[in-house]
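Here is the structure we will look at, set down as structure tokens.
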Amino acid sequence: MAISTTVAICLGTYFLIPAMLYWLLPRDPTIHPRKRAVVLVLGDIGRSPRMQYHVLSLVETGFLVDFVGYTDTAPLQSITENPDVKIHEIKPAEKLSLPRGLPFIVVAAVKVVYLTKQLYQVLRSLKNAEYLLVQNPPSLPTMFVCYIFSTFISRRTRYIIDWHNFGYTVLALKLASEKNILVRISKWYEHWFCRYAFAHLCVSKAMAEVLVRDFKIKAFRIIPLPDRPAMQFQPLSVETKANLFSTSPIFSGFNPATDKVVITSTSYTPDEDFTVLLDALSQYDSSSTLEKPLPKILTVVTGQGPLQEQFLSEVSRRSWSNVQLRTAWLPAEEYPVVIGAADIGVSLHLSTSGWDLPMKVVDMFGCGVPVIARDFPALSELVVPNRNGLIFNTSDDLAKQLIDVFTTPQLLRTIQKGAMVECGNRWTEMWRITAGPVFHIPNREDLTEVESSSSSDDEY
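This is the structure we're talking about:
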């Protein structure tokens, strides 16, 4: 009897406190004359292209935007120089000085508290924005803080999640176990707090189905918004390519008449196994003989991340005669130009959930470059074999496809043609048609379904 009474008191307190906060916290009468949106990335904003595109799309449709996140890397110049965008810095938890040898759970708890405090302070200064658009993952502590903010601090703000992946699957990869107690808690947390969002954007149709089936989110609140290339990703002219090959140090010693360029971009994270690429390049190199010579390959790897040193160490142990590999970290304005110089792109992304899609493939399509991509369940929404690219599972597959592409001109022409078709599908128009209605942007077609969801926000 005593236990049941205690449980009842605890549950009553749990539900009573939010209700009291809701009614007792004062409402701030200050409303800005122009519509405002907060775009939040608990990550480096300069390495978050999709969220940068959201910012630009919101500004183009009349919003003032507060862009919140880490500022290690500068975002696009069109953002930094835009008077309608204000950047608010969050300091990464990795910069905390903590004693060595602390258990992972202690370190994680300290980082969560540190980030929660910063997020709360920044968001509180931005209350009364019409919308709060948040990247997920990471979900901890952003989902909880955004729930508190939109429910108790800024009640007029509609909280929208932009799903890039599932946070608990990323954690499972990091901890090398789906059954770890922290992974299970993370999964529960993500399932629970996502339901308080007004709407959900996601990168694939497959992910939308998972949100309905497993997360129990109502379908009319979910809007698949696939990645599409921004306007800075364009096919290069013959003259621009020739100038790049003759002036850029990346292409030093490259002979465009006989050699081929392979490009891949990466964040050097565990969801990309670079051994597959290196083994495939080794097989390609050894397959070139005097009797059947293969074109020389220059492989350009762009990006930076935690496993970069490990990758470079592995590269240093390889010896090739027909293959060169160079790494580069490129400013946002140079990145599309280097991509456009490639004959073929390679995506090593192996989704932790199976339902996200690699942005790098979209960037390559924007430059008219076909892609050889590692297979996973949702990839078929983006890469169609023998139409705009090829799909592989092993290093043997990748080596064979590189050989086929560079020895079968008709195959390369076919997938290049398909990539050029994809090049015509651009972010700006996709965003206005698909996401525009969520932000109540007028003069859009196909508003009926999303507008009906907008009128149902009283359910939360």
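In terms of the numbering used here, the sequence shown opens at residue 662 and continues consecutively.
Where a beta carbon is used, it is the ideal one built from N, C-alpha and C, also for glycine.
Leaving out five residues on either side along the sequence, give the residues of the same chain with a beta carbon under 6 Å from the beta carbon of Val873.
So the qualifying residues of the chain are Ala880.
Residue from Glu933, Pro956, Ala833, Phe894 with nearest C-alpha to Pro967
Of the listed residues, the one whose Cα sits closest to Pro967 is Glu933.
Looking only at its own chain, which residues have a Cβ that is under 8 Å from the Cβ of Tyr945, when we skip the five neighbours before and after it?
So the qualifying residues of the chain are Leu955, Ile958, Asn983, Val984, Ala1060, Leu1063, Ile1064.
Tell me whether the beta-carbon of Ile740 lies closer than 8 Å to the beta-carbon of Leu717.
Yes, the pair counts as a contact, with Cβ atoms nearer than the cut-off.
Helix, strand or coil: how does DSSP classify Leu986 here?
Three-state result, Leu986: strand.
Exposure of Ile846, with buried meaning 16 or more beta-carbon neighbours within 10 Å:
With fewer than 16 other beta carbons inside 10 angstroms of its own, Ile846 counts as exposed.
Report yes or no: do the segment 741-751 and the segment 916-927 share at least 3 C-beta pairs separated by less than 8 Å?
Because the criterion of three Cβ pairs below 8 Å is not met, the segment 741-751 and the segment 916-927 do not touch.
So what does DSSP say about Trp824, is it helix, strand or coil?
In this structure, Trp824 counts as strand in the three-state DSSP scheme.
DSSP state of Val1066 mapped onto helix, strand, coil
Helix at Val1066.
Going by beta-carbon coordinates alone, are Pro890 and Arg708 separated by less than 8 Å?
Going by C-beta atoms, Pro890 is not nearer than 8 Å to Arg708.
Run through DSSP, which three-state label would Gly1027 get?
Judged by DSSP in its simplified three-state form, Gly1027 adopts helix.
Mind checking Ile842: buried by the 16 CB within 10 Å criterion, or exposed?
By the neighbour-count rule (16 or more Cβ atoms within 10 Å), Ile842 is not buried but exposed.
May I ask you to verify whether the segment 819-826 touches the segment 854-864, counting CB pairs closer than 8 Å and requiring at least 3?
Contact holds between the segment 819-826 and the segment 854-864, because three or more Cβ pairs, one in each stretch, are under 8 Å apart.
My output table needs one value for Asn904: the three-state DSSP class, helix, strand or coil.
For Asn904, the three-state secondary structure derived from DSSP is helix.
Name the one or two DSSP bridge partners that Val922 has.
The partner list for Val922 (beta bridge, DSSP) reads Leu959.
Smallest Cα separation from Val961: which of Trp990, Gln971, Ala941?
The option with the nearest alpha carbon to Val961 is Trp990.
I'd like the span of the alpha helix (DSSP H) that includes Gly1001, first residue to last.
Judged by DSSP secondary structure, Gly1001 falls within the alpha helix (DSSP H) whose first and last residues are 996-1001.
Ends of the alpha helix (DSSP H) at Lys747?
For Lys747, no alpha helix (DSSP H) segment is defined; the enclosing uninterrupted segment is the beta strand (DSSP E) at 746-750.
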